[in-house]
Amino acid sequence: MFYDICRKVLRLEAELFHRLRQTRDAAPGILRLAACYTAGLHQLPPVLNRFRRDYPAIDVRDSYHRIGEVHELVLDQRADLGYLCYPRRGAG
Numbered sequence: 000m001f002y003d004i005c006r007k008v009l010r011l012e013a014e015l016f017h018r019l020r021q022t023r024d025a026a027p028g029i030l031r032l033a034a035c036y037t038a039g040l041h042q043l044p045p046v047l048n049r050f051r052r053d054y055p056a057i058d059v060r061d062s063y064h065r066i067g068e069v070h071e072l073v074l075d076q077r078a079d080l081g082y083l084c085y086p087r088r089g090a091g
């Protein structure tokens, strides 16, 4: 089960980067990223550095919060993307 889920995550990551490469020349914009402290401060820096290098026209505004706050920021559309170590289940 773990193996299957990991494969799915890697497939989704590859699809995401494929789509981002297709939009590399897209209009500049802002991406509001809310992340939980645990995953965000330890895992995101190298990923964000690479993303910012590859997509300089996109202004990534990252902020770090408790898990519940990340959910609320995304659900209230005050963040475009949330990065969590333990997402909660539920609608939305």
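First residue of the sequence shown: 0, per numbering that gives the first Met the number 0; consecutive thereafter. Backbone N, C-alpha and C define an ideal beta-carbon position, used for all residues, glycine too.
Checklist entry - Taking the C-alpha atoms as reference points, what is the distance between Val69 and Tyr63? => result 8 angstroms
Item to check | Span separating the alpha-carbon of Arg77 from that of Arg60 | outcome: 12 angstroms
Item to check | Three-state secondary structure (DSSP) of Tyr36 | outcome: Looking at Tyr36 - three-state DSSP - the assignment turns out to be helix.
Item to check | DSSP bridge partner residues for Leu80 (one or two, in chain order) | outcome: Leu32
Item to check | Nearest neighbour of Leu30, chosen from Asp3, Ala56, Cys5 and Met0 [CA to CA] | outcome: Ala56
Checklist entry - If you draw a straight line from the C-alpha of Cys35 to the C-alpha of Tyr82, how long is it? => result 6 angstroms
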